[in-house]
Amino acid sequence: MNPWLHPAPCTPLACAGHDGRVRGRPAAVALLLAGCAFVLAGALGAPFALMLGAASRERLIRRWAYGVVRAFGVHVRVVGAPEAVAPGALVVANHISWLDIPLVATVFPGRMLAKSEIRNWPLLGRLAAAGGTLFVERDRFRALPATVGRIAAALRGGSRVVVFPEGTTWCGRGGGRFGPAVFQAAIDADATVRPVRISYRTPPPCGSAGARSIGHDGPAPAEHNAPAGAAAFVGDDPLAASLWRVVTAAGLTAEICVLPPIPAGSGPDRRALARLAQTAVANDSANRSAESVHH
């Protein structure tokens, strides 16, 4: 059994549709080119960013990641207190899209855990490696202890590590089980676990207290506050098709909710800690859905 990969039932045909407002082809092409240009700029500038001090480098990464999301035509909405996520924390999030990676980096840049195949991807592999990505060989069970050890060492060294413990993407209407392996690293390093909830909505969701919107066009009626399938990157979906859905979906908003921290000692073992984080993310999703109904 693969300890990292938990297959999702989501498929592009069933889950990745968009029935909202659509951008015209010229505008969508412009956004696609702008988004790719921001990614390329990040890859080319990564070696220079490494020369900066930690604080300056983190500010630069935040701005670049925000620029990537916005360049693809997606608004960003942050709920919670991201400044409270200190270095040395294990940040865990649900996984919906390739957009999740720059979205998380707009709030708290950190060392991502990613499958080893990404290291060989053109352009993106170089960018990931330069950013300190921790690569995992998901098909080799024997590599699991060494990977957990590397994550724990990074946490002890003060690095913020970002993980998607579902192991694969879901469409956002449901979610998968949080695999417990990475939570052992938090226990070994006595690191705080910080769960976050990612969601995509179209049109932009209505505002609420405690929310900070960046590049937001304004509130939308609650009845339209539904999960946006356009952002879902699931199953065997080609990346090109996913990119096109994103740039053609007008009014797409990415929301990231920063949830209360969970100390590593909150559970008796890694499985209990994984369940606590998974429950926090799932409950936040349920509560926000209920709030939208009562707006």
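Take the sequence shown: its position 109, counted from the start at 1, is 119 in my numbering, and no numbers get skipped. Glycine is no exception: its CB is placed at the ideal position from the N, C-alpha and C atoms.
Buried versus exposed, by CB contacts within 10 Å (16 or more), residue i
{"i": "Gly-34", "result": "exposed"}
{"i": "Leu-165", "result": "buried"}
{"i": "Pro-273", "result": "exposed"}
{"i": "Asp-200", "result": "exposed"}
{"i": "Gly-275", "result": "exposed"}
{"i": "Asp-279", "result": "exposed"}
{"i": "Asn-130", "result": "exposed"}
{"i": "Ala-242", "result": "buried"}
{"i": "Gly-98", "result": "buried"}
{"i": "Leu-253", "result": "buried"}
{"i": "Met-61", "result": "exposed"}
{"i": "Phe-58", "result": "exposed"}
{"i": "Arg-121", "result": "buried"}
{"i": "Arg-211", "result": "buried"}
{"i": "Ala-91", "result": "exposed"}
Which listed residue (the options) has its alpha carbon closest to that of residue i
{"i": "Val-172", "options": "Ala-195, Pro-248, Asn-293, Ala-260", "result": "Ala-195"}
{"i": "Trp-108", "options": "Pro-19, Asp-198, Phe-174", "result": "Phe-174"}
{"i": "Val-244", "options": "Arg-183, Val-49, Ile-197, Ala-65", "result": "Arg-183"}
Other residues of its chain near residue i: CB distance less than 6 Å, five sequence neighbours each side excluded
{"i": "Pro-205", "result": "Val-102, Leu-269, Ala-287, Ala-290, Val-291"}
{"i": "Glu-68", "result": "Pro-119"}
{"i": "Ser-126", "result": "Phe-145, Glu-147"}
{"i": "Asp-246", "result": "none"}
{"i": "Ala-75", "result": "Pro-112, Ala-115, Thr-116"}
{"i": "Asp-3", "result": "Limits of the chain in this structure are 11 at one end and 305 at the other, which puts residue 3 out of reach."}
Chain-order list of residues whose beta-carbon lies under 8 Å from that of residue i (same chain, five-residue window excluded)
{"i": "Ala-124", "result": "Ala-138, Thr-143, Leu-144, Phe-145, Val-146"}
{"i": "Val-32", "result": "Thr-258, Ala-259, Ala-260"}
Alpha carbon of residue i to alpha carbon of residue j, nearest angstrom
{"i": "Gly-30", "j": "Gly-168", "result": "43 Å"}
{"i": "Gly-77", "j": "Gly-185", "result": "28 Å"}
{"i": "Ser-209", "j": "Ala-37", "result": "24 Å"}
{"i": "Thr-179", "j": "Ala-140", "result": "24 Å"}
{"i": "Gly-51", "j": "Ala-264", "result": "The sequence given here has Ala at residue 51, not Gly. Spanning the two alpha carbons is a distance of roughly 22 Å."}
{"i": "Arg-87", "j": "Ile-266", "result": "6 Å"}
{"i": "Val-89", "j": "Cys-181", "result": "21 Å"}
{"i": "Ala-250", "j": "Ala-47", "result": "15 Å"}
{"i": "Arg-207", "j": "Leu-100", "result": "14 Å"}
{"i": "Ala-24", "j": "Val-203", "result": "33 Å"}
{"i": "Ser-66", "j": "Arg-170", "result": "16 Å"}
{"i": "Ala-259", "j": "Asn-104", "result": "22 Å"}
{"i": "Thr-21", "j": "Ile-106", "result": "12 Å"}
{"i": "Val-49", "j": "Leu-154", "result": "30 Å"}
{"i": "Leu-54", "j": "Gly-261", "result": "30 Å"}
{"i": "Ile-197", "j": "Ala-163", "result": "12 Å"}
{"i": "Arg-281", "j": "Glu-176", "result": "13 Å"}
Cβ-based neighbour list, residue i, same chain, cut-off 7 Å, excluding 5 preceding and 5 following
{"i": "Gly-277", "result": "Leu-283, Leu-286"}
{"i": "Arg-255", "result": "Ala-26, His-28, Ala-240"}
{"i": "Gly-63", "result": "none"}
Taking contact to mean 3 or more Cβ pairs, one atom from each stretch, closer than 8 Å, check whether the stretch 36-49 and the stretch 76-90 are in contact. yes
Does the contact criterion of 3 or more C-beta pairs under 8 Å hold for the stretch 157-175 versus the stretch 186-193? yes
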